[in-house]
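>
Number of protein chains: 2
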Amino acid sequence: MARDTKDILKKNRLSVTASREKILNLFLDQSGALAHGDIEKRAGEKFDRVTIYRTLQVFVEKGIIHTIPTADNSILYALCKDDCEEGHHHDHHVHFVCRQCQNTYCLDNVVTPDIKLPTGYSAKQIDVVVEGICRQCSI
Amino acid sequence: MARDTKDILKKNRLSVTASREKILNLFLDQSGALAHGDIEKRAGEKFDRVTIYRTLQVFVEKGIIHTIPTADNSILYALCKDDCEEGHHHDHHVHFVCRQCQNTYCLDNVVTPDIKLPTGYSAKQIDVVVEGICRQCSI
DNA sequence: AATCTTTTGCAACAATGTTGCTTTTTTAGT
DNA sequence: ACTAAAAAAGCAACATTGTTGCAAAAGATT
Ligand SMILES: [Mn+2]
Ligand SMILES: [Mn+2]
Ligand SMILES: [Zn+2]
Ligand SMILES: [Zn+2]
Numbered sequence: 431m432a433r434d435t436k437d438i439l440k441k442n443r444l445s446v447t448a449s450r451e452k453i454l455n456l457f458l459d460q461s462g463a464l465a466h467g468d469i470e471k472r473a474g475e476k477f478d479r480v481t482i483y484r485t486l487q488v489f490v491e492k493g494i495i496h497t498i499p500t501a502d503n504s505i506l507y508a509l510c511k512d513d514c515e516e517g518h519h520h521d522h523h524v525h526f527v528c529r530q531c532q533n534t535y536c537l538d539n540v541v542t543p544d545i546k547l548p549t550g551y552s553a554k555q556i557d558v559v560v561e562g563i564c565r566q567c568s569i
Numbered sequence: 431m432a433r434d435t436k437d438i439l440k441k442n443r444l445s446v447t448a449s450r451e452k453i454l455n456l457f458l459d460q461s462g463a464l465a466h467g468d469i470e471k472r473a474g475e476k477f478d479r480v481t482i483y484r485t486l487q488v489f490v491e492k493g494i495i496h497t498i499p500t501a502d503n504s505i506l507y508a509l510c511k512d513d514c515e516e517g518h519h520h521d522h523h524v525h526f527v528c529r530q531c532q533n534t535y536c537l538d539n540v541v542t543p544d545i546k547l548p549t550g551y552s553a554k555q556i557d558v559v560v561e562g563i564c565r566q567c568s569i
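This is the structure we're talking about:
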């Protein structure tokens, strides 16, 4: 349980609690994205499902984590490494879903491209999800 | 109930049934994407929920409709206008979610860009979802 | 340490999705 | 058109996932 978690929570004006530290640590210890279900399993039966839902919601609102769109009805969450703020995210990176290991990664260095839209449409946010084989799995 | 639906179903070697025709027609009559819930409402209480689930599943497998990734845990479906085949989709267009009317549209003429990935990653499929204001809503 | 505030856990509920089985409908062959 | 075989629909039961209100517990502040 690194000291980091307390700092991150305090910096975001959140009270420091066991579940918040635990859940935040899962994200810090992990390169990929996590679904609510993953957290429920890895947290080790310790926390109520409702607490996890509420914690994830607060983390998203504070700009600590962001959601990743998927085509299969599961919301994924990953740490924000960009300069996200409360109520305002700035995640402009591409997400990668591996068909083999099933993990989803933030490709923090791959910036979402601009998209030329037809007249009349204006873009506020662009999400790119690439599906394929990740580095680990192509070795 | 246009003649089209029967043809489309037959072309895909599916038996022609009332629910399949009804659901297929909802997609044909509609420019935007539909969620399972939308279909349940618009079909007018006529069909069992299970039938709708199974119909959507079959349509996706046959390449008649495709799913659209969302960040809010709802699977959206839209007609395939590209040359999709059974078990193999070829939808390479961008999807647009309007923040105002909440509709999701296939921008069939906007092709998904290539993404340069870090070494080791290989792409099989690229999904782009643009969020903003649609043409209708910006008038 | 005492108080005030926030978060947690619980229970109950709602919504969504799945499965097995029976009945009904469709299809294909006569 | 009639019949037999095959496929799909409907139903019920269940599983999973997400939501809400409220009392108890824990955290922050003085
Ligand atoms: Mn990300
Ligand atoms: Mn589409
Ligand atoms: Zn992988
Ligand atoms: Zn709109």
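In order, the protein sequences belong to chains X and Z. Just remember that my numbering sits 430 ahead of the position in the first sequence, which is counted from 1. Just remember that my numbering sits 430 ahead of the position in the second sequence, which is counted from 1. Don't be surprised by glycine CBs; every beta carbon is placed ideally from N, CA and C. Just so we're clear, the structure is a prediction, and the values are computed from it rather than from any experiment.
1. Can the beta-carbon of X/A501 be found closer than 9 Å to that of X/A463?
2. Would you please verify whether the beta carbon of Z/C564 is less than 9 Å from any beta carbon of chain X?
3. When Cβ atoms are compared, which residues of the region 548-560 of chain X fall closer than 9 Å to chain Z?
4. Checking the sheet assignment: what are the DSSP bridge partners for Z/C567?
5. CB of X/Q555 to nearest heavy atom of ligand 4: below 8 Å?
6. Check whether the Cβ atoms of X/T542 and X/V524 sit closer than 9 Å, and answer yes or no.
7. Do you know how far the Cα of Z/V446 is from the Cα of Z/M431?
8. Going by C-alpha distance, which of X/N455, X/I556, X/R450, X/L444 is nearest X/H519?
9. Check whether the Cβ of X/V446 lies closer than 9 Å to any Cβ atom in chain Z.
10. Using only the heavy atoms of ligand 3, determine whether one of them is closer than 8 Å to the beta carbon of X/Q460.
11. Which residues in chain Z sit within 7 Å of X/T500, going by Cβ to Cβ distance?
12. With X/K554 and Z/R472 assumed to form a contact (beta carbons below 8 Å), what rounded beta-carbon distance in angstroms separates them?
13. Could you pull out every residue in the same chain whose Cβ sits closer than 8 Å to the Cβ of Z/E515, ignoring the five residues on either side in sequence?
14. By the DSSP assignment, the alpha helix (DSSP H) with Z/I498 in it spans what residues?
15. Determine the DSSP secondary structure at Z/V446, reduced to helix, strand or coil.
16. Taking the alpha helix (DSSP H) that X/T485 falls in, what are its first and last residues?
17. Can you list, in chain order, the residues of its chain with a C-beta nearer than 6 Å to that of X/I505? Leave out the 5 residues immediately preceding and following it.
18. Helix, strand or coil: which one does DSSP assign to X/T435?
The short version:
1. As a position in the first sequence, residue 501 of chain X is number 71, starting the count at 1. As a position in the first sequence, residue 463 of chain X is number 33, starting the count at 1. Not a contact, by the Cβ cut-off of 9 Å.
2. Within the second sequence, residue 564 of chain Z is the residue found at index 134, counting from 1. So, interface residue.
3. P548, T549, G550, Y551, S552, A553, K554, Q555, I556, D557, V558, V559, V560
4. Translated into the one-based positions of the second sequence, residue 567 of chain Z becomes position 137. Answer is none; Z/C567 lacks a bridge partner.
5. The count along the first sequence starts at 1 and reaches residue 555 of chain X at position 125. Using a cutoff of 8 Å, the CB of X/Q555 does not count as near ligand 4, since none of the ligand's heavy atoms is closer than that.
6. On the first sequence, position 112 is the one that residue 542 of chain X refers to. On the first sequence, position 94 is the one that residue 524 of chain X refers to. For X/T542 and X/V524, yes; Cβs fall inside 9 Å.
7. By one-based count along the second sequence, residue 431 of chain Z stands at place 1. By one-based count along the second sequence, residue 446 of chain Z stands at place 16. Unreliable positioning characterises Z/M431 in this predicted model, as indicated by a pLDDT of 43, which lies under 50. The coordinate reading is nonetheless provided below. One C-alpha to the other measures close to 12 Å.
8. Numbered from 1 along the first sequence, position 89 holds the residue referred to as residue 519 of chain X. Residue X/I556 is the option with its Cα nearest to X/H519.
9. Your numbering for residue 446 of chain X matches position 16 in the first sequence. So no, X/V446 is outside the interface.
10. Position 30 of the first sequence, counted from the first residue, corresponds to residue 460 of chain X. Ligand 3 never approaches X/Q460 closely enough for any of its heavy atoms to be under 8 Å from the residue's Cβ.
11. For the purposes of this step, residue 500 of chain X is identified with residue 70 of the first sequence, where counting begins at 1. What X/T500 touches in chain Z: P499.
12. Taking the first sequence and counting its residues from 1, the one referred to as residue 554 of chain X is at position 124. Taking the second sequence and counting its residues from 1, the one referred to as residue 472 of chain Z is at position 42. Contact doesn't hold; Cβ gap of about 28 Å is too wide.
13. Walking along the second sequence from the start, residue 515 of chain Z turns up at place 85. For Z/E515, where only same-chain residues beyond five positions count, the Cβ hits under 8 Å are G493.
14. Residue 498 of chain Z sits at position 68 when you count from the first residue of the second sequence. Per DSSP, Z/I498 belongs to no alpha helix (DSSP H); it is in the beta strand (DSSP E), 495-498.
15. The residue you call residue 446 of chain Z lines up with position 16 of the second sequence. Look at Z/V446 here: in three-state DSSP terms it is coil, with no helix or strand label.
16. Numbered from its first residue, the first sequence carries residue 485 of chain X at position 55. Start and end: 479-492.
17. Residue numbering aside, residue 505 of chain X sits at position 75 when the first sequence is read from its first letter. These residues qualify, in order along the chain: T497.
18. Here residue 435 of chain X refers to the residue found at position 5 of the first sequence. Reduced to three states, the DSSP call for X/T435 is helix.
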